[in-house]
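Encoded as structure tokens, the structure appears first; notes follow it.
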Amino acid sequence: MVKELARKMLLANELGSNPELAYRFSQASEESGWSFGVCQFDTLHNWTAIRCLEACRFTPKELRMVLNKDSDNIAEINEKLMQHKEIIDEYDEEHIDKSFHWCSILLNTTDIHFDLSGLLAVTDYHNQFSFDRNGKLHKWLLEQKKNIVGFIVTVDTITDFKLQHTKWGKKRPDDVKRRANNIKKILNNSKNKEVFV
């Protein structure tokens, strides 16, 4: 149930809740490569993306087209991507499971309390930026825990962090708020609102 909420959240945040967009290449920014899947695997920065495309039987020539962002051949390679939906879905599911598990383990093992909205927001952060042990967000959460009695990570906690401490939050506050609102909407449609401690 909770992992299904994580999938819905990533689908809303990455693809505007349109699952068909998972099977087409897109580009989030100039710094990124073409992306695909619900998780928007970045072909320039994420080797899982390349492994997935190899599993989809992309040839070395087709991989070069993707890595070089060859828009002249986008229709051809999008068609190839569409033919392998099941493989992309498998890679997405594995990534979502691992991301969700990693975020909950890291929060729990460092005794950071969170509610379900916070866990989903941290999972979204991990998918977008990477939630690392002693990374920027983790250190900040540990500092908040130390300074605030009864500190619990919520979606608003992560939204505040992104807006104040990330380049993306300063450049695109609208996107940060949109992602948080998607999480709140998904949880409002769910009856599972327990607090993890």
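Just so you know, we're using this note's numbering here: the sequence shown kicks off at 43 and counts up by one.
The beta-carbon is built from N, C-alpha and C at its ideal position, and this holds for glycine as well.
Point to revise | Distance between V108 and K188 (C-alpha atoms, nearest Å) | key: To locate residue 188, count along the sequence shown from 1; it is residue 146. To locate residue 108, count along the sequence shown from 1; it is residue 66. Distance between the alpha carbons of K188 and V108 is about 46 Å.
For this session: Report the residue ranges of all alpha helix (DSSP H) runs contained in full by the segment 142-207; include only those spanning at least 4 residues, in chain order.
Result: 158-170, 178-189, 197-207
- Find the nearest neighbour of W182 within the set D166, W210, T152, S159, judged by alpha-carbon distance. Counting from one through the sequence shown, the residue named residue 182 turns up at place 140. That would be T152, whose Cα lies nearest to the Cα of W182.
Discussion item. Less than 8 Å between C-beta atoms, sequence neighbours within five positions excluded: which residues of the same chain meet that for E236?
Written reply: Position 194 of the sequence shown, counted from the start, is the residue given in the question as residue 236. Unreliable positioning characterises E236 in this predicted model, as indicated by a pLDDT of 48, which lies under 50. A coordinate reading is not provided.
With respect to the alpha helix (DSSP H) encompassing I91, which residues constitute its N-terminal and C-terminal limits?
-> Here the question's residue 91 lines up with position 49 in the sequence shown. Strictly speaking, residue 91 in this sequence is Ala, with Ile absent from that position. Looking at the DSSP string, the run of the alpha helix (DSSP H) that includes A91 is 89-97.
Please go through the same chain and pick out, in chain order, the residues whose beta-carbon is closer than 6 Å to the beta-carbon of L53, but skip the five residues on each side of it. The sequence position of residue 53 within the sequence shown is 11, counting from 1. Closer than 6 Å at the Cβ level, and outside the excluded window around L53, lie S59, V80.
### Message
So for D84, helix, strand or coil by DSSP?
### Response
The residue labelled residue 84 in the question sits at position 42 within the sequence shown. Three-state DSSP puts D84 in a strand.
(request) Please state if the CB of S141 and the CB of N169 are separated by a distance shorter than 7 Å. (result) Here residue 169 corresponds to residue number 127 of the sequence shown, with the count starting at 1. Here residue 141 corresponds to residue number 99 of the sequence shown, with the count starting at 1. Cβ distance < 7 Å, so N169 and S141 count as in contact.
* Asked: How is S113 classed by DSSP in three states: helix, strand or coil?
  -> On the sequence shown, position 71 is the one that residue 113 refers to. Three-state result, S113: helix.
Would you please state the rounded distance, in angstroms, between the beta carbons of C94 and F83? I believe it to be under 8 Å. Here residue 94 corresponds to residue number 52 of the sequence shown, with the count starting at 1. Here residue 83 corresponds to residue number 41 of the sequence shown, with the count starting at 1. Indeed, because the Cβ distance is near 6 Å, the residues count as touching under 8 Å.
Exposed or buried, T196, counting other C-beta atoms within 10 Å across all chains shown (16 or more means buried)?
-> Here residue 196 corresponds to residue number 154 of the sequence shown, with the count starting at 1. Looking at its Cβ environment, which holds 16 or more other Cβ atoms inside 10 Å, T196 is buried.
Beta bridge counterpart(s) of S68 as assigned by DSSP
Along the sequence shown, read from residue 1 onward, the residue named residue 68 stands at position 26. Paired residues: S77.
At the level of alpha carbons, what is the spacing between E185 and K50? Translated into the one-based positions of the sequence shown, residue 185 becomes position 143. Translated into the one-based positions of the sequence shown, residue 50 becomes position 8. Approximately 30 Å, taken between the alpha carbons.
Assuming P240 is part of the alpha helix (DSSP H), what are its boundary residues? The question about residue 240 has no answer here: the residues shown for the chain are numbered 43 through 239.
Item checked: Rounded C-alpha distance that separates D217 from P102 -> For the purposes of this step, residue 217 is taken as residue 175 along the sequence shown, with counting starting at 1. For the purposes of this step, residue 102 is taken as residue 60 along the sequence shown, with counting starting at 1. Taking the straight line joining both Cα atoms gives about 35 Å.
One question on the structure: do T208 and A48 come within less than 7 Å of each other, judged by their Cβ atoms? For the purposes of this step, residue 208 is taken as residue 166 along the sequence shown, with counting starting at 1. For the purposes of this step, residue 48 is taken as residue 6 along the sequence shown, with counting starting at 1. Taking 7 Å as the Cβ cut-off, T208 and A48 do not qualify as a contacting pair.
Rounded C-alpha distance that separates V239 from H143: Here residue 239 is taken as the residue at index 197 of the sequence shown, counted from 1. Here residue 143 is taken as the residue at index 101 of the sequence shown, counted from 1. Summary for V239: the model assigns pLDDT 36, below 50, so the residue's position carries little reliability; its value from the coordinates is reported in the next sentence. Their Cα atoms are separated by approximately 15 Å.
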